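Chains A and B are the protein sequences, given in the same order. Residues 629 to 1306 (this note's numbering) are what the first sequence spells out, left to right. Residues 629 to 1306 (this note's numbering) are what the second sequence spells out, left to right. C-beta: ideal position from N, C-alpha, C; glycine also. The structure displayed is predicted, hence computed values, not measured ones. Worksheet: the structure to be examined is printed underneath.
Protein chains: 2
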Amino acid sequence: MSNQTVPPSSAENVPSTAPPATPASDTDADVESKTGYIQPVVDVAALTEFLDGRYAEVRDLVRANLAEHAAVLEDAETMDVDDFRERVKEIVVGMAATGQTGMGFPEEYGGGGDIGASVAAFETLAYGDLSVLVKVGVQFGLFGGAILQLGGKHHHDAYLADLITGKLMGCFAMTESGHGSNVQALGTVATYDAASEEFVITTPREDARKDYIGNAARHARVAVVFAQLELDGSSEGVHAFVVPIRDEDGNPLPGVRIEDDGLKMGLNGVDNGRIWFDRVRVPRDALLNRFADVAADGTYSSAIQSPGRRFFTMLGTLIQGRVCVGGAGINAAKVALAIAVHYALRRRQFEATGTGQEELLLDYGLHQRRLLPLLARTYALHFAQEVVAGQLHDVTMGIVTDEHTKRELESRAAGTKALGTWHATETIQECREACGGAGYLAVNRFAALKADTDVFTTFEGDNHVLLQLVAKGLLTDYASEFEDMDQLGMVRFVTGLAVETVIEKTAVHKLLERIKDVLPGGDQWDQDAGLLDPNYQLAMLRFREEHMLAGAARRLKRGIDDKLNPGEVFSRVQDHVIAAARAHVDRLVLEAFVEKTREMPDGDNKVALNLLCDLYALSTIEADRAWFLEHGRLSVARSKAISREIGSLCRKIRPLAGDLVDAFGVPPQMLRSPDLLG
Amino acid sequence: MSNQTVPPSSAENVPSTAPPATPASDTDADVESKTGYIQPVVDVAALTEFLDGRYAEVRDLVRANLAEHAAVLEDAETMDVDDFRERVKEIVVGMAATGQTGMGFPEEYGGGGDIGASVAAFETLAYGDLSVLVKVGVQFGLFGGAILQLGGKHHHDAYLADLITGKLMGCFAMTESGHGSNVQALGTVATYDAASEEFVITTPREDARKDYIGNAARHARVAVVFAQLELDGSSEGVHAFVVPIRDEDGNPLPGVRIEDDGLKMGLNGVDNGRIWFDRVRVPRDALLNRFADVAADGTYSSAIQSPGRRFFTMLGTLIQGRVCVGGAGINAAKVALAIAVHYALRRRQFEATGTGQEELLLDYGLHQRRLLPLLARTYALHFAQEVVAGQLHDVTMGIVTDEHTKRELESRAAGTKALGTWHATETIQECREACGGAGYLAVNRFAALKADTDVFTTFEGDNHVLLQLVAKGLLTDYASEFEDMDQLGMVRFVTGLAVETVIEKTAVHKLLERIKDVLPGGDQWDQDAGLLDPNYQLAMLRFREEHMLAGAARRLKRGIDDKLNPGEVFSRVQDHVIAAARAHVDRLVLEAFVEKTREMPDGDNKVALNLLCDLYALSTIEADRAWFLEHGRLSVARSKAISREIGSLCRKIRPLAGDLVDAFGVPPQMLRSPDLLG
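As structure tokens, then:
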């Protein structure tokens, strides 16, 4: 294990990963040299174990599989699209045989019966080729997940065993060209024909074609199709149906038209496509009927009365995809950081001291500033992801059953996915630039990392829409009476008739009250607290969150009170709403990091993690310091002190940086980069 | 012409590009409805003419050529690398025949004799496939530019006519694996052998191999090689030599080893490669001897005595590449905005008003906030680029000859390149995300735009190194006595022995004095001035620039005074230095925009450009409002007022957005995007 965590020949080539600390006195009145600070030494293997957590064995299994299939990273560059799609399919089916892709399915069908393990396995796959990751996600997460979560025993018996082994490939046909994140407005129709006891699936207009559907262009034999259920001319809303789309030879079935989405920016090992349905008939039991059913005579029944709430319950069971994508984004960022940090510990450029030797990149203050806060945020998001994956496990396995926790999980999954995938985009970009022209060569990994992860920010829900979902939960305080609202329809929520009631009942003055309680030592406490006190850091983020939320609620309510056009009101408050959601997630992330470091045993690894936690907290505050200044929570002097402290933290973390990226345990074969890492 | 500026069928499909303004009263106490503001109507053709400026004809020639070769955009996706490289070469040679790539060369060799025209042509090429652009840049800008600017008549006679037609392909072999931006430290050696009157070119160690050299892997027959000139064992610094590298059949010549750099993130139509030289002999006249020569007996001569200044003068003549890359980045951003804005004017998602129709994306406040400030900054950078291209023309054509202007041009070129290319990366990313999953399909352009432009931020000088160059000029006030300093060696400059003298002599108190003069109406003036007063906006940016610069100088000086390790001092002040440079360039960009709008005739186009200029200015201030708050130049109320004003400006620009991107005149074939634009 610990061998795996060290990049190739780092012992010989990177003597400088742990140079002696050079504190020295400072023009900026740093304190590090005056406080008896002793540079910690990271125990990499122990830190990897700590990061891997409960599922260390699962993660190691995946690491070993990745290392074995390392050649796929090169295949992605050299093979043409058709061949590469087949190659990726082979790898995915091969992995299925090791059990690593079926960990979330019931044991009786050959699965592992452990949702948490399946998330851990998926996250770790993100160290490798991301077409493999996404193909796994499509087959086992989306397609398999829909059968498992939305189907009954009949469907489980019919499909699960074969899909777990990869014998039956399927796709998840939700998104349409005209509707991505607004699922409730899908155009595809499923009309029940009582005479034949069949549903008739139809694409009624061009923009209702299914689009960007993974596995559709080539490998899927069946599709889970989301369509508006029509019974006797009245609509019961969106439901899911199992629809065969190809015969044994791979030819589209009658009434099914399939088109290849063609070349994409990345992920070209995944065969995305479009599907049109022309009066395709499927039997009555094709309806995935866990939450609603249609009797032979066409009578509709569901244990959930409200159509909105029913829809929302169905979608809620599919949340695992979002959790997985967030984790994948965070892990892709780790790969980029592992490369860029080690490069910065080898590469010298410009002589600065007259010693005749040029300086290492990571000894430049700006280079530290570019990479180390991103490293700290990666750790922070790692622990936040651990929390959300744990909650997903508890809810999905039925260990926790209350509705409030389910709503919180949805919110947390949405928020972590949004921040984790934006983090990936930002981090990979910064790391590429930090490796100069060499970072542009495909062999050095960034090309694939950038192109493949790019879509993460908009799939499984556009990040902005997801943050609106988070905001909705916060504004209604997850109130159960509003549970049945359109989960993705924040726009309609805040602008519809419901808004006045909601805001009145649950939010504004409660929210305003909460702000007062945020600062533990009274209104002036935060002006004197230590910058490195986690209670201070948390209080700052809590205050921002509560204040933004109350402000957004007040502005929405005022617009409604003034009887303005609700669309216009929402349009103007939208950035405020999004900012509040983001502030909320920032706070959750910091809480996860603080709690995790608190529970660590004392020692150098804890010292190192505390440095990262401080750096994450303070750089998060610094990034929005204008807001804190505007709202009286930072004095000018204190704002500047935070920036200085961040510089000091970067200098303390600099000698640990190599070990801190090694602890991610990215298999060295996954880093490639012969030029960058030597 | 005006036909070209309108995307396909926009008249039918995008009725909403200019919907009636819907001011309405506002929860945020906007003023737009109370000030009698009348929505302007943009004259697109006139605005294109205004943007195209002096070289409208050149730009139209390139537009027509691009439209003719539009199929290359698809070839980039479908052809394998070898075929695509040949295809790009064919196009480049074909374009050479139209004269559009040779506009900067002397007429006597078949060129156009107009540097400004050559920049305009190159910028416009950025609307099309960027491998073509970069291949043109390599052949005519870098290779041709080096022969023209560093060579004597002998070299011009020998090479120019053939390279202008593309008959002789060459490369520019400067960068080495071990040295990118720090050119002065290159490792390749050219030793003079007086006996044979030859230079012997050698790669002395592995990391001195030439790397990432465009045209090297396949097409170049000769290389301009930058090497340390050694005469009798003593070094005269970096000089350039013309070195044949391939025979007529394309085989490497004896002593020359060439390796393909392989697949890159993008620009795969350009054949980048590595070159090693093993005692390759070239005749004495292979030295490009405009600035220095070696006599037959090995005597060195140069009209420029100081080696540093000589090196700097040589590099200074190559500045055109930097100007061109900046312009290309800005124009690539225009393509992305043209697509994303039109998509946002067609695509509806989520119903917000109960009308039964979903809202257009661009009617969401957040969507406006995401795209429109980037649109404003694109206009701002366009005009800043026009200024720097004009200065380049004047300096290179000998219209302006004073040294101070040359130094200013270098600084401005470096700064505009850095901000223009970062702008491209940011804008293309935001536009991709704003088009959702559809933006991920290659046919919709973002894949190529992202991958191809990515390297712009680090080639022709890493952007951070370029901003350090800008800072050096500011700190020394372009003082002529420091002209001969290493132009790229900001690190060595601020940390070397020179720093104390420089700072003492030129900077600190002069800088502090200047701050006082920045605010035209005294210290409190900016607290009351109108937010939309360009004098206010400019004063804010000037104050920030001067204050940051003085602060950086003070911190550097204090470090030196305290006899600290200069490398450490620089490391800690580096982000401050970079911030000062960036503030400087922001101010230059705003000045260019303000001056340009001032000179426009009155009318609706001027009104529209003033809106964009205000949006650029205020969003630039807003982005750094923490700094202004910290330095007493913004009150909390005023800071919030700026954010409100930005929202109001976005709403005013929203109905003009389609016309404002159409005015860029991107040929519709270059937008592709059948899904996004319909």
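message = Strictly under 7 Å for the Cβ-Cβ distance: is residue 893 of chain A near chain B by that measure?
response = yes
query = Cα separation between residue 900 of chain B and residue 702 of chain A?
reply = 19 Å
message = Please give the ranges of any alpha helix (DSSP H) in the region 1191 to 1268 of chain A, keeping only runs that are unbroken, at least 4 residues long and fully inside the region.
response = 1194 to 1227, 1232 to 1251 and 1253 to 1258
Runs of alpha helix (DSSP H) lying entirely within the region 978 to 1005 of chain A, each at least 4 residues, in chain order = none
key: For residue 755 of chain A, three-class secondary structure by DSSP   = coil
inquiry  = Pop quiz: residue 922 of chain B and residue 871 of chain B are said to be a contact at Cβ under 8 Å. What is the actual Cβ separation, rounded to whole angstroms?
reply    = With 8 Å as the limit, residue 922 of chain B and residue 871 of chain B do not qualify as a contact, their Cβ atoms being about 15 Å apart.
ask   = Does the beta carbon of residue 889 of chain B come closer than 7 Å to any beta carbon on chain A?
value = yes
request  = Ignore the nearest five residues each way along the sequence and tell me which others in residue 1302 of chain B's own chain have a CB closer than 7 Å to its CB.
outcome  = 1071
task = Measure the alpha-carbon distance for residue 999 of chain A versus residue 1058 of chain A and round it to whole angstroms.
result = 8 Å
key: Residue of B:686, B:1007, B:710 and B:828 minimising C-alpha distance to residue 960 of chain B   = B:1007
query = Excluding sequence positions up to five away, which residues of its chain have a Cβ less than 6 Å from the Cβ of residue 581 of chain A?
reply = Residue 581 of chain A is absent from the model: chain A starts at 629 and stops at 1306.
task = Name, going along the chain, the residues of the region 1194 to 1218 of chain A whose beta-carbon falls closer than 8 Å to a beta-carbon of chain B.
result = 1194, 1195, 1196, 1197, 1198, 1199, 1200, 1201, 1202, 1203 and 1206
query = Of all the CB atoms in chain B, is at least one closer than 7 Å to the CB of residue 1267 of chain A?
reply = yes
message = Tell me whether residue 839 of chain A, by its Cβ, gets closer than 6 Å to a heavy atom of the ligand NAP.
response = Because no ligand of any kind appears in the structure shown, any question about the ligand NAP cannot be addressed here.
query = Which same chain residues, not among the five before or five after residue 1294 of chain B, have their C-beta less than 7 Å away from its C-beta?
reply = 755, 962, 963 and 966
key: residue 1120 of chain A in three-state terms, based on DSSP   = Caution applies to residue 1120 of chain A, whose pLDDT of 44 falls short of 50 and renders its modelled position unreliable; the value that the coordinates give is listed next. Note: residue 1120 of chain A maps to helix in three-state DSSP.
ask   = Roughly how far, in whole angstroms, is the beta-carbon of residue 727 of chain A from the beta-carbon of residue 735 of chain A, given that I think they are within contact range, below 8 Å?
value = That pair is no contact at about 11 Å.
query = Can you tell which of A:1011, A:1194 and A:977 has its C-alpha closest to the C-alpha of residue 995 of chain A?
reply = A:977
ask   = Do residue 841 of chain A and residue 801 of chain A come within 7 Å of each other at the CB atom, strictly closer than that value?
value = yes
task = With distances taken Cα to Cα, identify the nearest neighbour of residue 743 of chain A among A:866, A:1021 and A:1220.
result = A:1021
message = Please confirm whether residue 1248 of chain B has its beta-carbon closer than 7 Å to some beta-carbon of chain A.
response = no
request  = Give me the Cα-Cα distance between residue 724 of chain A and residue 707 of chain A, rounded to the nearest whole angstrom.
outcome  = 23 Å
task = Could you tell me whether the Cβ of residue 1070 of chain B comes closer than 7 Å to any Cβ of chain A?
result = yes
inquiry  = Counting only Cβ-Cβ distances shorter than 9 Å, please list the residues of the region 800 to 828 of chain A near chain B, keeping chain order.
reply    = 803, 805, 806, 807, 808, 809, 810 and 813
Residues bridged to residue 838 of chain B (per DSSP) = B:804 and B:903
Proximal chain A residues relative to residue 985 of chain B, where beta-carbon distance stays under 7 Å = Residues of chain A passing the Cβ test: none, with the nearest at roughly 10 Å.
key: Sequence-distant residues of the same chain with beta carbon closer than 7 Å to residue 1234 of chain B, five excluded per side   = 1225 and 1228
query = What residue does the alpha helix (DSSP H) around residue 1104 of chain B start on, and which one ends it?
reply = 1091 to 1104
message = Does residue 797 of chain B pass the burial test, meaning 16 or more other C-beta atoms within 10 Å, or should it be called exposed?
response = buried
query = Just by C-beta distance, which residues in the region 1052 to 1079 of chain A are closer than 8 Å to chain B?
reply = 1053, 1057, 1060, 1061, 1064, 1065, 1066, 1067, 1068, 1069, 1070, 1071, 1074, 1075, 1078 and 1079
task = Could you tell me whether the region 1089 to 1097 of chain A touches the region 1069 to 1089 of chain B, where touching means 3 or more Cβ pairs closer than 8 Å?
result = no
request  = Check the Cβ-Cβ distances between residue 674 of chain A and every residue of chain B, and say whether any is below 7 Å.
outcome  = no
ask   = How about residue 792 of chain A and residue 733 of chain A: are their beta carbons less than 7 Å apart?
value = yes
request  = Could you tell me how far apart the beta carbons of residue 1211 of chain A and residue 670 of chain A are, in whole angstroms, since I believe they sit closer than 8 Å?
outcome  = Actually they do not touch by this definition, with Cβ atoms about 31 Å apart.
ask   = Candidates A:1244, A:1200 and A:1202: which alpha carbon is nearest residue 1221 of chain A's?
value = A:1244
task = Have a look at the DSSP bridge pairing and note the partners of residue 858 of chain A.
result = A:819 and A:863
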